[in-house]
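Just below is one structure, and these are the notes that go with it.
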Amino acid sequence: MSSCSSSLTYKLVLVQQPTIGSAFEDNLLGRLGLAPPLIVELQVFRDGKISDATAELPFLICQCSLLDEQGRVADMVDQRVGSASQQSQEATTAPAAVSAVPRRGRSVRNKISHRGGLADGTATPLSLDSTEASTSSASEDTLTPGTGEPSATQLSGRDSPQIVRMLYGTLAAGPQQYISPNADEEEKAYFFFPELSIRTPGRFKIRCTLLRLSLPGMEAAEVGSLASVETQTFEVVKRTDYSAPYITDISRHFARQGVPLLLPPGVSAE
Numbered sequence: 000m001s002s003c004s005s006s007l008t009y010k011l012v013l014v015q016q017p018t019i020g021s022a023f024e025d026n027l028l029g030r031l032g033l034a035p036p037l038i039v040e041l042q043v044f045r046d047g048k049i050s051d052a053t054a055e056l057p058f059l060i061c062q063c064s065l066l067d068e069q070g071r072v073a074d075m076v077d078q079r080v081g082s083a084s085q086q087s088q089e090a091t092t093a094p095a096a097v098s099a100v101p102r103r104g105r106s107v108r109n110k111i112s113h114r115g116g117l118a119d120g121t122a123t124p125l126s127l128d129s130t131e132a133s134t135s136s137a138s139e140d141t142l143t144p145g146t147g148e149p150s151a152t153q154l155s156g157r158d159s160p161q162i163v164r165m166l167y168g169t170l171a172a173g174p175q176q177y178i179s180p181n182a183d184e185e186e187k188a189y190f191f192f193p194e195l196s197i198r199t200p201g202r203f204k205i206r207c208t209l210l211r212l213s214l215p216g217m218e219a220a221e222v223g224s225l226a227s228v229e230t231q232t233f234e235v236v237k238r239t240d241y242s243a244p245y246i247t248d249i250s251r252h253f254a255r256q257g258v259p260l261l262l263p264p265g266v267s268a269e
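All residue numbers for the sequence shown refer to numbering that gives the first Met the number 0, where the first residue is 0 and numbers rise by one.
Here it is as C-alpha cells:
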C-alpha cells in the first residue's frame, strides 16, 4: 500500500523477506534472526515519477509488527494458553493429594501407638492433636469453606494473565542509502531488519509501516502512517527442527557495503 503526503507519494517495496525462523521461546539471549533478513526499499514519487528522497529521509522510519497467517495482529501472547493441558492435569491431581494426607496421618498414629505410646498402648495425645491440626489447617487453606473447591488465593496466580511480546529485535529502523543490487546500481534508500525473531512456533507475516516523525508546524495529514507492505507467510519452527538457509546474494551484496546483516561465523560476504 502506498500513500500520498502533500505532492509526494510513498511506497514500500520488499527487496528480501524471511522464509523461516527459529522460535526462541524463553531463551532471549539465544535468539536467532529470521532468515533471510528482511530488507525493504523506500520509493518516493512526485507527480507519478520517482523523486529524490534525500530530503525526506531524516523524518521517516519503518516499523515492523507481527501478524498471524490470517492477517490478525499477533504482537503479544498469553503464556497461559500454551500450558492449559498442564493446568488441567494439576487441577485433577490436586484433590487426590489432599485426600491422601489423612491416610498418612492414620499411618503415623498407628506407628506411634506401637512405638512411642504410653504404657497401656495408647498414643501420646499431643502428637495426635498436632498431626490432625496441621492436616485440617492445610485443607482449609487449600479449599474454599463449604464448597470443597480451590480458594481464590490459589486461583489468583493461575488466572492472572502472563502477557509477553512475540516479536523481538530491531522493530523500527531509519532509511539508509546504499547501492542497489539491481543492474542499474543506483543508490537507493533501504530499511534493514537483520535480527527479528519470534517467540513461539507457527506461521506468521510481518507488516512494515512507513511513518513520518511529528515536527512543529506540520499538519496532521502529513504525520503518521504513509505506506505499508506485508511479507508472505513464513514458518517459525522449534530450535531443534531449524536449519538455516543459504546466504542470499542480496544479503552478500549489502554486507559488502557494510550493512550489519549478522552473517554466520566463517561466512564471507564475497
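Every residue gets a Cβ at the ideal spot worked out from N, C-alpha and C, and that includes glycine.
Model, not experiment: these values are computed from the prediction.
- DSSP, reduced to helix, strand and coil, places S64 within a strand of the structure shown.
- DSSP places S250 within a helical segment (H, G or I) once states are collapsed to three.
- For V39, the beta-bridge partners assigned by DSSP are L13 and F190.
- Looking at L33, S50, P259 and P193, the one whose alpha-carbon comes closest to that of E186 is S50.
- The shortest C-alpha to C-alpha distance from F190 to any of A22, I38 and L33 is the one to I38.
- The beta carbons of A34 and P57 sit no closer together than 8 Å.
- Listed in chain order, the non-local C-beta contacts of E229 below 6 Å within the same chain comprise K204 and R206, local neighbours out to five positions each way being set aside.
- Under the DSSP definition of a beta bridge, G20 partners with V235.
- Within the same chain, T18, I19, A34 and P35 come within 8 Å of P244 by CB-CB distance, once the 5 residues on both sides are set aside.
- When only Cα atoms are considered, R251 and L31 end up about 18 Å apart.
- Bounds of any beta strand (DSSP E) do not take in E184, whose DSSP letter is neither H nor E.
- For a cut-off of 8 Å, the C-beta gap from P174 to L59 is around 6 Å, short enough to register as a contact.
- Of the candidates V43, G47, Q62 and C61, the residue whose Cα lies closest to the Cα of T53 is V43.
- Membership of Y177 in the beta strand (DSSP E) is indicated by the continuous run Q175 to I178.
- Annotation for L11: V39, C207, L209, A226 and V228 place their beta carbon closer than 6 Å to its own, counting only its chain and skipping 5 residues before and after.
- The continuous beta strand (DSSP E) containing V228 extends over residues G223 to E229.
- The C-beta of Q69 has fewer than 16 other C-beta atoms within 10 Å across all chains shown, which makes the residue exposed.
- V72 counts as exposed, since fewer than 16 other C-beta atoms from the protein chains shown sit within 10 angstroms of its C-beta.
- Measuring C-alpha to C-alpha distances from L65 to each of L195, P180 and S179 identifies L195 as the nearest.
- By the criterion of a C-beta distance shorter than 7 Å, L261 is surrounded in its chain by G32, P193 and E194, once the five residues flanking it on both sides are discounted.
- Where D77 is concerned, the enclosing beta strand (DSSP E) starts and stops at M75 to D77.
- Nearest to S179 by C-alpha distance, out of M75, T8 and R255, is R255.
- Ranking A171, I249 and Q161 by CA distance to the CA of Q78 puts Q161 first.
- L28 sits in a helix when the DSSP states are folded into three classes.
- Scanning V258, G201 and L214 for the CA closest to the CA of V236 turns up G201.
- A22 places its beta carbon 8 Å or farther from that of R164.
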